[in-house]
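Everything on this sheet refers to the single structure shown next.
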Amino acid sequence: MEVINKIPNIHTEAGIVGPSTDNELPEQQGEIIIEEITRNHKLLHRHRLNQAEVSIGRDYHNDIILSDPHICPQHLSLSFSNGQWQLNDKNSVNGTRLEKNNAVSQDANQQAINDGDVILIGKSQLRVIFKTHLVEDTIAFSPFESLIDFIRHPVAVFISIALFMLIAGNISYLNQPTELNLSQLLVSAFSMSLLFSLWPAGVALVSHLTKHDPRILAQLGISFTFFILLWLSDFLEEIISFNFASNSILTVTVSLLPIGLAFSLFWLNSYIGFHVSAKRRMIVAICITTLLFGGSYLNQYSKRPDFNPHPQYNSTIMAPSYLIAPSNNVDEFLKQSNALFEQANNAAKQD
Amino acid sequence: MKAFFTLVFILFSSTTFATEQAEEIFAQLTPSLYQIKLIDKASGEKSSIGSGFQISADGIIATNYHVISSYARHPEKYRIEYLDHQGNMAEVDLVSVDVINDLALVKRQVNNEMPYFKLSDKKPIKGEKLFALGNPHDLGMIVVPGTYNGLKKESFNERIHFTGSINSGMSGGPVVNKLEKVVGINVATSGNQIGFLVPHDKLVTLFNDYNKKAPTDIKQQMSAQLMANQDKLMSALINSNWQSKELASKALFPLIDVPFIRCWGDSNADKKDALILAAIASCSLDENTYLSSHFFTGSVEIEFRYMQAKNLSDNKFYHLYQRQIARASAGNRGGKDDISEFQCHDDLIKPASTANTSKEINNKSIFCTRAYKDFPGLFDVLYLGASIDRNQQALVSHFTIAGVSQENAMAFTAKFMEAVSWK
Numbered sequence: 001m002e003v004i005n006k007i008p009n010i011h012t013e014a015g016i017v018g019p020s021t022d023n024e025l026p027e028q029q030g031e032i033i034i035e036e037i038t039r040n041h042k043l044l045h046r047h048r049l050n051q052a053e054v055s056i057g058r059d060y061h062n063d064i065i066l067s068d069p070h071i072c073p074q075h076l077s078l079s080f081s082n083g084q085w086q087l088n089d090k091n092s093v094n095g096t097r098l099e100k101n102n103a104v105s106q107d108a109n110q111q112a113i114n115d116g117d118v119i120l121i122g123k124s125q126l127r128v129i130f131k132t133h134l135v136e137d138t139i140a141f142s143p144f145e146s147l148i149d150f151i152r153h154p155v156a157v158f159i160s161i162a163l164f165m166l167i168a169g170n171i172s173y174l175n176q177p178t179e180l181n182l183s184q185l186l187v188s189a190f191s192m193s194l195l196f197s198l199w200p201a202g203v204a205l206v207s208h209l210t211k212h213d214p215r216i217l218a219q220l221g222i223s224f225t226f227f228i229l230l231w232l233s234d235f236l237e238e239i240i241s242f243n244f245a246s247n248s249i250l251t252v253t254v255s256l257l258p259i260g261l262a263f264s265l266f267w268l269n270s271y272i273g274f275h276v277s278a279k280r281r282m283i284v285a286i287c288i289t290t291l292l293f294g295g296s297y298l299n300q301y302s303k304r305p306d307f308n309p310h311p312q313y314n315s316t317i318m319a320p321s322y323l324i325a326p327s328n329n330v331d332e333f334l335k336q337s338n339a340l341f342e343q344a345n346n347a348a349k350q351d
Numbered sequence: 001m002k003a004f005f006t007l008v009f010i011l012f013s014s015t016t017f018a019t020e021q022a023e024e025i026f027a028q029l030t031p032s033l034y035q036i037k038l039i040d041k042a043s044g045e046k047s048s049i050g051s052g053f054q055i056s057a058d059g060i061i062a063t064n065y066h067v068i069s070s071y072a073r074h075p076e077k078y079r080i081e082y083l084d085h086q087g088n089m090a091e092v093d094l095v096s097v098d099v100i101n102d103l104a105l106v107k108r109q110v111n112n113e114m115p116y117f118k119l120s121d122k123k124p125i126k127g128e129k130l131f132a133l134g135n136p137h138d139l140g141m142i143v144v145p146g147t148y149n150g151l152k153k154e155s156f157n158e159r160i161h162f163t164g165s166i167n168s169g170m171s172g173g174p175v176v177n178k179l180e181k182v183v184g185i186n187v188a189t190s191g192n193q194i195g196f197l198v199p200h201d202k203l204v205t206l207f208n209d210y211n212k213k214a215p216t217d218i219k220q221q222m223s224a225q226l227m228a229n230q231d232k233l234m235s236a237l238i239n240s241n242w243q244s245k246e247l248a249s250k251a252l253f254p255l256i257d258v259p260f261i262r263c264w265g266d267s268n269a270d271k272k273d274a275l276i277l278a279a280i281a282s283c284s285l286d287e288n289t290y291l292s293s294h295f296f297t298g299s300v301e302i303e304f305r306y307m308q309a310k311n312l313s314d315n316k317f318y319h320l321y322q323r324q325i326a327r328a329s330a331g332n333r334g335g336k337d338d339i340s341e342f343q344c345h346d347d348l349i350k351p352a353s354t355a356n357t358s359k360e361i362n363n364k365s366i367f368c369t370r371a372y373k374d375f376p377g378l379f380d381v382l383y384l385g386a387s388i389d390r391n392q393q394a395l396v397s398h399f400t401i402a403g404v405s406q407e408n409a410m411a412f413t414a415k416f417m418e419a420v421s422w423k
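Protein chains in written order, with UniProt numbering: chain A, 1 to 351; chain B, 1 to 423.
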């Protein structure tokens, strides 16, 4: 019974705690925070006002002055009475609309305003927040933060790019069937690293355009570190396919490594560049990874001929120093080769 | 010189110098000579032509298998017709084939007893004058005089070497001696007056077998012939003497000592700027079996390649070496309707024969096989061994065999793998 009798005029919606009238401001003086936000609900300005009447419009008499040409000089006012804020449109040309808790916006005049409501006037948006508005929990620094701090150090960035160039140079050296001089290698390594730096630069650009901190050094550092890791995983894959027979489980496992690495890279790119929820970051990283690997798989699949007269076999060989597996004998090889005839017979029957 | 065989398909116009004798032979034999046409049922037009000749009173006509191969493989799509010297046309039935010797027997309807070619009962002698008959390029029946030059050297399945022009469309036509008896059948040319004939005794065997018991199913007959032929070939290869030969005095490879396998060598020792010194020995069987225009079988290819790095790091040497072995492919042609795709397997293999000796070799060994769709039990196989135990030297051993049974393929592979080693 007690509860019902107590302050019946105070809004007690979820997330809003009604002020207890005893130790609060006098009845006719409200406290309100008005945020100018973009259409994507990004914060532009924040006004904290301590008065019972707040006027909003384009001319200089207003408490909040907005330069939007679609707003009238004296557009609207918010007034506080009986512990409640009220919106009053001053016969504006384009009107005022109120968006309540992501519900459909409606024409507003003489409407009560709640915490979190968004006022749409002209092409601008204002979010009303009461001081009792609950903020989200503090996010603790993730362990990545120290890693990123380490990687974005100019020396670390320089080292990772230099290492990348070294690997790129080595690869073009190995692939060239003729003699090659140093300057040619340098040019190819340099152009390779320029090409690969397009990705972190692109991510930084996008985060800059979306009003986030670009953090270009961190993006460069993390991307090149992962490019190097991806190459290392290629190398590992090569060693495994050299040492172990084609049907080994190890081959399958190691072929998943680049996918995992690419996912981690995209996740970190998004972690550095954008403040989004963990779930959204996960979805974005998964989408880009799927697009990349799924796309390249589809591309290969579409190019695959209907019938391939040439044998597809694992021809990976490496210098003897990479040889770690023991060799089998001829009998064992023949036994396994014998199984292929059955497979070939089945393949012949299939189509 | 490696003889290059083309089945007689290419235009080669020549003026025929017919002697009086040739004219006489032609006049007498022409009623028993036919043009054999394969008619595509859907379009009603001819899809291939060849020659044929009657060898019995009751209408058996001999021709080449490759003339009627499309019908043998896809009887629902084609029909076979003959065209005689008077311009009469009628359909004939395929009654028997010898796919190994490229022969076929078709049968026409006869109402009365007809004149026919007599098959010779003895071989011609070297230098004997022979007359090839046929209808080159649909130009009409002609007679080409030429000389018998014995059997082709080093052939697995015998062919007569005939010095005289044999052209496309003459395939399946008879070659007769002065007594007008058939001693061979036109089959192939190697250009410039070098022609090849199937010896008449192959036709005699086929005809006798047919008279004894006509085959019920042409595909089964072909399958049995291919199986028997590969057995004969593979046992000759496996049971012959395998000499161990040196390659670039660093490696040992087996040289199969049978006359029909011929070997060639090559190296890049003259190229000063090459990064890798390479010496190659390759051996092959110079003949194959025609099944259809896109499907050949019966080929054998063997190759050994020794490579040595010149001022290269081990990694780069192996990188370039890998490219050399990445694109091995089958020695014969075949399509989707004929064969399955290759199934492959690889492993690291140390042959026991040289293990723990100075000759010991450690290979990355790859084995692939594909199955024939119409001829169960026959496979194409491919083996590739790449040494991986020396930093600056490599030995590649490779073979492909087309149309072989699993048992023979495995026996050959086992012997082959054990026979390759370092020196």
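Heads up, the beta-carbon is just placed ideally off N, CA and C, and yes, glycines get one too.
> Do you know offhand how far residue 64 of chain B's Cα is from residue 96 of chain B's?
Replying inline: Their Cα atoms are separated by approximately 11 Å.
>> Beta-carbon within less than 7 Å of residue 225 of chain A's beta-carbon, same chain only, minus the 5 sequence neighbours each way: which residues are those?
In response: 151 and 160
> From residue 93 of chain B to residue 72 of chain B, what distance separates their C-alpha atoms?
Replying inline: 11 Å
>> Short of 8 Å in beta carbon distance, which residues of its chain neighbour residue 154 of chain A, apart from the five on each side in sequence? Order them along the chain.
In response: Result list for residue 154 of chain A: 217, in chain order.
> Does any residue of chain A bring its CB to less than 8 Å from the CB of residue 391 of chain B?
Replying inline: yes
>> Within the continuous beta strand (DSSP E) that includes residue 283 of chain B, where are the two ends?
In response: 276-285
> Listed from N- to C-terminal order along the chain, which residues in the region 346-360 of chain B have their beta-carbon within a distance smaller than 7 Å of any beta-carbon of chain E?
Replying inline: Here the protein chains are A and B, and chain E is not one of them.
>> With a threshold of 8 Å between beta-carbons, can residue 245 of chain A be considered close to chain B, or not?
In response: yes
>> Less than 8 Å between the beta carbons of residue 435 of chain B and residue 408 of chain B, yes or no?
In response: The structure shown does not extend to residue 435 of chain B, since chain B spans only 1 to 423, so no value can be given for it.
> Quick one: does residue 194 of chain B have its CB under 8 Å from some CB of chain A?
Replying inline: Nearest CB-CB separation between residue 194 of chain B and chain A: not below the 8 Å threshold.
>> Quick check on the DSSP output: what are the complete alpha helix (DSSP H) runs of length 4 or more inside the region 244-332 of chain A, in order along the chain?
In response: 249-273 and 278-303
> Which residue from B:389, B:278, B:403 and B:400 puts its Cα closest to that of residue 421 of chain B?
Replying inline: Nearest option by C-alpha distance: B:389.
> Does any residue of chain A bring its CB to less than 8 Å from the CB of residue 483 of chain B?
Replying inline: Since the first residue of chain B shown is 1 and the last is 423, residue 483 of chain B is not available in this structure.
> From A:166, A:248 and A:57, pick the residue whose C-alpha is nearest to that of residue 232 of chain A; which is it?
Replying inline: Comparing Cα-Cα distances from residue 232 of chain A to each of A:166, A:248 and A:57, the minimum goes to A:166.
> residue 318 of chain A versus chain B: which residues are under 7 Å apart at the beta carbon?
Replying inline: 318
> For the region 116-130 of chain B against the region 235-255 of chain B, are there 3 or more C-beta pairs whose distance is under 8 Å?
Replying inline: no
> Hey, residue 311 of chain A and residue 382 of chain B are a contact pair by Cβ (cut 8 Å); roughly how many whole angstroms apart?
Replying inline: 6 Å
>> Under 8 Å, Cβ to Cβ, is there at least one residue of chain B near residue 333 of chain A?
In response: yes
>> Do residue 161 of chain B and residue 173 of chain B count as a contact pair if the criterion is CB distance below 8 Å?
In response: no
>> Quick check on residue 365 of chain B - is its C-beta less than 8 Å from some C-beta in chain A?
In response: yes
> Which residues, in order along the region 263-282 of chain B, keep a beta-carbon less than 8 Å from a beta-carbon of chain A?
Replying inline: From the region 263-282 of chain B, only 273 and 275 have a Cβ closer than 8 Å to chain A.
>> Between which residues of its own chain and residue 197 of chain A is the CB-CB distance below 7 Å, once the five residues before and five after are set aside?
In response: 220
> Whole beta strand (DSSP E) runs in the region 150-185 of chain B with 3 or more residues, listed along the chain?
Replying inline: 160-163 and 174-176
> Going along chain A in order, which residues have a C-beta closer than 7 Å to the C-beta of residue 414 of chain B?
Replying inline: 330 and 334
> Does the distance from the CB of residue 315 of chain A to the CB of residue 280 of chain B come in under 8 Å?
Replying inline: no
> Using a beta-carbon distance cut-off of less than 8 Å, what residues from the region 368-400 of chain B approach chain A?
Replying inline: 368, 369, 370, 371, 372, 373, 376, 379, 382, 384, 386, 388, 389, 390 and 391
>> When you compare the region 274-293 of chain A with the region 356-363 of chain B, are there three or more beta-carbon pairs, one atom per stretch, that lie closer than 8 Å?
In response: no
>> Using a Cβ-Cβ distance cut-off of 8 Å, determine whether residue 7 of chain B contacts chain A.
In response: Per-residue confidence for residue 7 of chain B stands at a pLDDT of 40, beneath the threshold of 50, marking its modelled position as unreliable; the derived number appears in the next sentence. The beta carbon of residue 7 of chain B sits no closer than 8 Å to any beta carbon of chain A.
> Taking the alpha-carbon positions, what's the residue 124 of chain B to residue 145 of chain B distance?
Replying inline: 14 Å
>> Cβ closer than 8 Å: which chain A residues qualify as neighbours of residue 325 of chain B?
In response: Within chain A, the residues near residue 325 of chain B are 315 and 317.
>> In the DSSP output, which residue or residues are listed as bridge partners for residue 199 of chain B?
In response: B:184
> What residues from the region 337-348 of chain A come within 7 Å of chain B, judged by C-beta to C-beta, listed N to C?
Replying inline: 337, 338, 340, 341, 343, 344, 345, 347 and 348
>> Along the chain, where does the alpha helix (DSSP H) containing residue 222 of chain B start, and where does it finish?
In response: Here the alpha helix (DSSP H) through residue 222 of chain B covers 218-239.
>> Here's a check: name, in chain order, each residue in its chain whose Cβ is nearer than 6 Å to the Cβ of residue 196 of chain B, leaving out the five neighbours to either side.
In response: Taken in chain order, the residues that qualify are 159, 187 and 188.
>> Can you pull out the residues from the region 287-318 of chain A whose beta carbon lies closer than 8 Å to at least one beta carbon of chain B?
In response: 306, 307, 308, 309, 310, 311, 312, 313, 314, 315, 316, 317 and 318
> Would you call the region 117-134 of chain A and the region 81-100 of chain A in contact, with 3 or more CB pairs under 8 Å?
Replying inline: In short, these stretches touch, since the Cβ pair count reaches three.
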